[in-house]
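Q: According to numbering that gives the first Met the number 0, the residues represented by the sequence shown are 0 to 106, in order. Please read through the structure below; I'll follow up with questions.
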Amino acid sequence: MVLTCKYANKYCPNERALKRDGTLHTLCEVHRQRTNSTQRQYWDKRAKHARMERRQRALERQLEPPTCILDMLLYDDDDESFEPIRDPTEYRAWSNSECIMLGTLLL
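Quick look at the structure:
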């Protein structure tokens, strides 16, 4: 078993660091600290970038008018297609029995 650091860029004569469970890490303590520091910088950079993107999306959502207001602005009052269609048979007079039935229901 190799007890020296397995740092990839150049030979390192330092002994490998011990894990909490007693097994060996791949790197020595010096290279582990450097690697962890670099990794933390990378994570911080990614987190900062993600925060900026979330803020940008939130700002864009605040600046966009709601869809219902857009629909109201785009609605044309002069459009004849929204007028009801009149049916001549729609307004027939009620029969005497229908009037009596309605009267009993409402009283």
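We put the CB at the ideal spot given by N, CA and C, even for glycine.
Cβ atoms of Cys27 and Asn8: under 9 Å apart, would you say?
A: Position 9 of the sequence shown holds residue 8. Position 28 of the sequence shown holds residue 27. Against a cut-off of 9 Å, the Cβ pair of Cys27 and Asn8 comes out as no contact.
Q: DSSP three-state label for Thr34, please.
A: Numbered from 1 along the sequence shown, position 35 holds the residue referred to as residue 34. It is helical.
Q: If we define contact as Cβ-Cβ less than 9 Å, is Arg54 a contact residue for chain B?
A: Within the model displayed, chain B is absent; a lone protein chain is all it includes.
Q: Which of the three DSSP states, helix, strand or coil, is assigned to Glu28?
A: Looking up residue 28 in the sequence shown gives position 29. Reduced to three states, the DSSP call for Glu28 is helix.
Q: Based on the DSSP secondary-structure assignment, which residues constitute the bridge partners of Glu14?
A: Counting from 1 along the sequence shown, the entry for residue 14 is found at position 15. Answer is Thr3, bridged to Glu14.
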